[in-house]
Structure formats: structure tokens, C-alpha cells
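Below is one structure, written out as C-alpha cells, with a few remarks after it.
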Amino acid sequence: MKRKVSVFSVLWACLWGVSIYNLPTATAQNALRNSSRECAICHIRWVDALVRTDDQAEPMDKVMARQAGSGDMCLSCHDGSVADSRFKIWSTSHHTTGQKPSPRIQIPTDRFPLDDQGHMTCSTCHTAHAVPESSDIRTVVFLRQANVDSSLCLACHNDHAQKNEFQHPVGRMEAAVPKVILEAGGRTSEDGHTVICQTCHEPHGARNDWMLVLPPSKLCIACHTDKDPQVASINGMPFHKIGQTYAGFEPPESLLDEAAAFGPKGELSCLSCHRLHDASGAKPLLIRKNEDSSLCIECHTQEKAVFGSPHDLRLSSPDTQNASGETPSESGP
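The letter at position 164 of the sequence shown is residue 317 when you use the working numbering, and the numbering goes up by one with no holes.
Following this line, the structure appears as C-alpha cells:
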């Protein structure tokens with residue numbers, strides 16, 4: 154038994170010695186391995202077999218066009234074979250690709266290239282190569298520029314960056330961004346008090362329309378708690394009810410044409426009357442101006458009878474102000 158153990162030990166020692174002897178050679182071979190094969194996964198120009206040293210033309214155009222690569226290239230890995238992004242791309246609300254940008258959007262194509270048809274694609278915003286602007290993985294990983302406080306978003310959506318009464322404000326606020334928004338995927342600055350595009354919007358994998366991190370009214374009330382119709386009121390008068398249906402009510406086509414949002418059964422939401430971007434009604438961000446209650450009358454058609462009657466406060470008490478400090482002409486009769 155001892156002899157067998159001894160023979161086995163000798164054989165094991167020999168094999169171990171051979172492996173150690175060959176280790177430097179194996180390491181050297183790995184060090185000399187052509188790293189360009191990793192580039193060749195996406196870039197055919199790095200395939201050694203296609204590099205020609207004679208005068209014959211290479212099987213590709215050498216002219217480097219300033220165009221974004223096809224999104225199919227990204228999906229060849231992000232289809233689940235390497236990384237599974239299918240849910241974020243196809244099953245949820247996400248940033249538009251495969252279309253030409255809206256005329257309202259001014260894309261600086263020197264930084265954010267479109268594809269050869271002028272369409273947005275994954276690589277309009279993303280790149281597989283590092284950018285030198287920042288080392289913070291939260292703001293720069295695989296993006297063409299660091300997205301600090303949604304600066305990448307605003308590079309194209311610059312109309313939303315303007316501070317005026319027609320846009321929901323962004324920037325620092327006194328209160329911290331509510332926890333319910335952050336838990337739903339919303340983001341903020343390091344201090345936790347700054348509203349940025351990504352506080353409300355998630356460009357990939359959002360579970361709600363308009364790439365919102367929460368359903369519209371729930372998202373609004375998370376910050377605007379004083380407008381919650383379940384608990385808030387002005388001088389004992391409750392706010393307009395939302396999230397419920399009314400017997401016989403159907404959303405007016407005129408409001409639907411202006412992108413007013415109602416629930417699948419006609420439920421009212423904050424976005425039935427308000428528009429957060431490009432609001433034509435200005436303050437307080439209404440989808441249209443409410444002069445002489447024109448917006449209210451779209452739904453409350455039965456109240457038109459008040460116009461011109463003794464109950465029309467525009468005529469009987471034109472200077473009276475409501476709890477919000479508005480006269481009848483400003484708020485409606």
C-alpha cells in the first residue's frame with residue numbers, strides 16, 4: 154500500500170512540475186493574443202482575415218461616416234444571449250427609436266448621430282466606448298456624454314429646459330424628492346432636492362405611459378400633496394375629484410385632440426386638465442386657457458345655463474375673488 158502511494162505521489166509531482174514549466178509559455182501566448190477580436194464582434198474592420206496588404210480594394214468602404222450604427226447590432230447581444238434587455242425594449246414604455254425626431258426636437262448630431270435614414274437608434278444616445286467627461290458610473294456608463302442632472306436629455310429636449318410658465322419647472326426645491334418616487338425608479342441629484350427629467354421619466358423600462366415612473370396622478374400627488382382630492386381642500390371646499398368615473402360621462406373629443414389624458418373607463422386624472430410640457434394654458438399648466446371657464450364647460454356642459462344669468466358672477470360681482478385670489482373673469486362664472 155505504501156508503494157502505491159509513493160508511485161502516485163511521484164507521478165503527481167511530475168505532472169505538477171510539467172505544468173509549472175509550461176506556465177510562462179501559456180501566459181506569454183495569452184498576452185500576445187490579438188485583442189482586436191473583441192472589437193470585431195461589432196466592427197468588421199478589425200477582422201484580420203479582411204485586412205489586405207495588396208492593392209486590391211477591401212470589402213468595405215473606408216470612408217468613416219458620422220452615422221449611428223443599427224440598433225440591431227445592440228440587440229444581437231441584448232436579446233438575452235449576453236444581456237437580456239427585451240423587457241425594457243419591447244414590453245414597456247420607452248424612448249422612441251426607429252423614427253425621425255420630432256420637428257420640435259433639435260438634435261446636435263455632431264454629438265448624437267442618427268442612422269443613415271435620419272432615424273433615432275440606440276447608439277444615438279449610447280456608445281460602447283468610454284467618454285472622458287466623468288468617472289461616475291451613475292451618469293456616464295455607455296452614454297455619449299455624462300448625464301448629470303439629465304443634461305443629456307436636455308441637450309435635445311432643450312425646449313423643456315426653458316424656465317417659463319409653460320413648462321413644469323426643474324431644478325432644486327426646498328423639499329426632498331419623495332421616497333415613493335425614488336422607490337419607483339425616479340432619480341434626483343446627490344442632495345436629493347433637485348427635480349430632473351429622470352425624476353418623473355424612465356427612458357427604458359417604464360411601466361406607465363409617457364415613460365413615467367408612476368401612474369400620472371399618483372406621480373403628481375407624490376409632490377403636490379396639497380392637491381390630493383382625498384385629503385385636501387380650500388376653505389372646506391374639496392378639490393376636483395380624480396381617479397373616478399361619472400355616470401354618463403364621456404371624455405370630450407375636443408380635449409382628447411389636445412392630448413388630455415383619461416383612464417380606460419373615462420376616469421379623470423391630473424392630466425385631464427393639466428399639461429406638464431408646452432402647456433398652452435400657461436399658469437397653472439392647463440392644456441388650454443380657461444378664460445370664462447371654457448375648459449370647465451367642455452365637460453360640465455350643463456353649466457352653460459349660468460352664462461348671462463343672475464348667477465353669472467362676471468356680471469353681478471366682477472371684482473369678487475375666490476379662495477385662489479381669482480376674479481370670475483379669470484376663473485369663470
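Each residue gets a CB set at the ideal place from its N, CA and C atoms; glycine is no exception. On a predicted model such as this, the values are computed, not experimentally measured, just so you know.
Inter-residue spacing [alpha-carbon to alpha-carbon] between residue i and residue j
i	j	result
Leu439	Leu365	19 Å
Glu411	His453	17 Å
Ala476	Leu466	15 Å
Val348	Cys309	18 Å
Phe319	Ala193	48 Å
Arg297	Leu424	33 Å
Asp344	Asn311	24 Å
Lys241	Ala375	25 Å
Trp363	Val301	22 Å
Met226	Cys306	23 Å
His427	Leu228	37 Å
Ser462	Ser447	17 Å
Glu406	His196	51 Å
Asp289	Thr341	15 Å
Gly478	Asp445	15 Å
Glu483	Gly401	29 Å
Pro437	His464	26 Å
Phe295	Arg264	14 Å
Ile450	Lys457	7 Å
Ala413	Ala281	39 Å
His279	Leu335	24 Å
Ser470	Val459	14 Å
Lys332	Lys380	18 Å
Asn317	Glu327	19 Å
Other residues of its chain near residue i: CB distance less than 7 Å, five sequence neighbours each side excluded
i	result
Lys418	Thr398
Asp472	Thr480
Gln474	Thr480
Phe415	Pro404, Leu421, Ser422, Ser425
Pro254	Ile260, Met273
Test item: CB-CB of residue i and residue j under 9 Å
i	j	result
Leu421	Lys442	no
Gln259	His272	no
His231	Ser223	no
Gly338	Val330	no
Arg325	His346	yes
Pro404	Phe392	no
Thr299	Val284	Before going on, a small fix: residue 299 reads as Ala here, not Thr. Against a cut-off of 9 Å, the Cβ pair of Val284 and Ala299 comes out as a contact.
Thr245	Ala359	yes
Those residues which DSSP pairs with residue i across a bridge
i	result
Gly324	Val348
Ser246	Ala359
Asp237	Asp232
Leu335	Partner(s): none; Leu335 has no beta bridge.
Leu421	Phe415
His427	Leu439
His565	No answer is possible for residue 565: it lies beyond the span of the chain, which begins at 154 and ends at 486.
His488	Within the shown structure, residues of the chain are numbered from 154 to 486, placing residue 488 beyond reach of any answer.
Leu365	His354
With 16 other Cβ atoms within 10 Å as the buried cut-off, status of residue i
i	result
Ser303	buried
Thr378	exposed
Thr277	buried
Pro256	exposed
Ser488	Because the chain in this structure spans residues 154 to 486, residue 488 falls outside the shown range and cannot be described.
Pro266	buried
Thr249	exposed
Leu429	buried
Lys157	Residue placement at Lys157 cannot be trusted, given a pLDDT of 48 that sits under 50; the coordinates are not used to answer.
Gln270	exposed
Gln351	buried
Leu367	buried
Leu468	exposed
Contact test: residue i Cβ vs the ligand NAP heavy atom, cutoff 8 Å
i	result
Lys457	With respect to the ligand NAP, the structure offers nothing, as it holds no ligand at all.
Min CB distance residue i to chain C below 9 Å
i	result
Tyr399	Judged by its chain identifiers, the structure shown contains no chain C, having just a single protein chain.
Same chain, Cβ closer than 6 Å to residue i, five either side skipped, listed in chain order
i	result
His247	His357
Leu408	Glu451
His321	Leu429
Cys373	Cys423
Residues near residue i by beta carbon distance below 8 Å, same chain, minus five either side
i	result
Gly233	Arg239
Thr292	Ala299, Asn300, Val301
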